[in-house]
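See structure below.
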Amino acid sequence: MSRAVRVEGTGGPEVLRVVEVAAPHAGTEQVRVAVRAAGVNYYDTKVRNGSIPSEFPRGQGNEFAGVIDEIGADVVGLGSDLAVGDEVLGWTMAAAQAEHVVVPAKHVARKPAGLDWAIAGGLGLVANTAWRAVSALQIESGDTVLVTGVAGGVGLLGAQFALQAGALVVGTASESNHEFLRDLGIIPVSYGPGVSDRLRAAAPDGYTAALDTVGRAEIEHALSLGIRPQRINSVAYHPGADEFGISVVGGGKKSAEELARFAQAAADGAITLPILATYPLTAVRAAYERLERRHGLGKIVLTVP
Ligand SMILES: NC(=O)c1ccc[n+]([C@@H]2O[C@H](COP(=O)([O-])OP(=O)(O)OC[C@H]3O[C@@H](n4cnc5c(N)ncnc54)[C@H](OP(=O)(O)O)[C@@H]3O)[C@@H](O)[C@H]2O)c1
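This is how it looks when you write it as structure tokens:
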């Protein structure tokens with residue numbers, strides 16, 4: 033037997049349960065991973081509260097890190113060099129928050145030895161999303177980029193990718209996160225009443241692009257700063273494509289090579305993902321209660337002891 037998170041239906045964190053299930057097994061071209069850490073994402077909340085339509089009951093969790101403990105038949109090409117005992121990180125759909133997850137071998141990348149389990153388990157989704165969003169904006173040296181929600185997972189990594197591309201980065205965050213953000217090279221600005229004036233003061237020469245991770249009002253702020261809609265990308269407000277003509281590129285497409293690159297960058301210190309909190313799998317409700325407060329620096333991760 034194996035334990036897994038199950039979402040019983042729409043509702044708050046109280047509809048989350050940890051249940052005993054038959055242990056899954058690796059089929060053709062698949063590996064089974066004994067999960068050590070799995071990311072907690074706001075996407076899961078949107079599914080659970082009905083804003084992303086879904087069927088219930090269902091599993092939960094789209095990213096994980098762990099140790100391969102079973103390899104199926106006929107693993108060829110990408111992933112064919114994997115062995116039982118290898119430490120990996122990878123992605124799946126609505127199944128990562130569990131003691132075991134089975135995925136195609138090509139959906140995992142090796143975990144660098146020095147990379148913390150919690151970071152490995154929580155990095156993939158936000159790094160991929162941030163990378164695709166920043167790539168869509170074609171950020172380059174000379175850009176001044178506004179990142180809204182810069183203390184969150186996507187914001188932190190998006191800001192760091194934009195800095196690496198040579199941009200000046202200004203991000204909105206609560207005061208308590210400013211010192212950490214400054215140390216990364218980000219210019220932090222408090223959100224709330226008067227934010228547009230503070231953003232203008234932070235970049236007197238103006239902004240050329242924006243990555244929004246918060247929502248509609250933040251897109252309006254970006255437009256009021258004179259940023260062209262074509263150079264605003266939101267991962268948080270998809271109707272913005274029709275409403276404002278902005279782009280809404282997120283993390284749909286994934287690749288094991290890129291995941292390996294993000295993991296190596298995190299292990300080398302080239303990117304930083306602070307862990308806001310970890311909770312054992314059995315405390316999944318508490319993890320989502322924390323996430324749904326919508327404040328704090330970095331990533332929440334479930335761990336499997
Ligand atoms: N399209 C996709 O593929 C995709 C993928 C991943 C995520 N997303 C979406 O992107 C959004 C962000 O995800 P995430 O994982 O980065 O979230 P997260 O890590 O949970 O972000 C929460 C952060 O939001 C900040 N925040 C809250 N209200 C704010 C405001 N009004 N202005 C500025 N910052 C504010 C908080 O910072 P303070 O502590 O500073 O208040 C906190 O750090 C979510 O809506 C998520 O569903 C989309």
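Residue numbering for the sequence shown follows this note's numbering, beginning at 33 and increasing consecutively.
Note that CB positions come from ideal geometry on N, CA and C, so glycine has one too.
Query: I need the DSSP call for His-253, collapsed to helix, strand or coil.; Result: helix
Query: Pick out the complete alpha helix (DSSP H) segments inside the segment 274-314, 4 residues or longer, and give them in chain order.; Result: 288-300
Query: Quick one: what's Gln-62 bridged to in DSSP?; Result: Pro-136
Query: Count the C-beta pairs between the segment 92-108 and the segment 57-68 that are closer than 8 angstroms, then say yes if the count reaches three, no if not.; Result: yes
Query: Measuring alpha carbon to alpha carbon, tell me which of Leu-188, Val-179 and Gly-98 ends up nearest Ala-241.; Result: Val-179
Query: Taking its Cβ as the centre, do 16 or more other Cβ atoms sit within 10 Å of Ile-218, making it buried, or is it exposed?; Result: buried
Query: Measuring only the C-alpha atoms, how far is Gly-156 from His-57?; Result: 23 angstroms
Query: Whole angstroms is fine: what's the gap from Pro-45's alpha carbon to Ala-126's?; Result: 16 angstroms
Query: Looking at the structure shown, is Ile-218 part of a helix, part of a strand, or coil, going by DSSP?; Result: coil
Query: Confirm, please, whether the CB-CB distance from Thr-161 to Gly-247 is below 7 angstroms.; Result: no
Query: Is DSSP giving Thr-335 helix, strand or coil here?; Result: strand
Query: Output the distance between the C-alpha atoms of Ala-319 and Gly-71, rounded to the nearest integer angstrom.; Result: 10 angstroms
Query: Of all the options Asp-148, Thr-310, Gly-111 and Gly-154, which has the alpha carbon lying nearest to the alpha carbon of Val-135?; Result: Gly-111
Query: Looking at the structure shown, is Val-267 part of a helix, part of a strand, or coil, going by DSSP?; Result: coil
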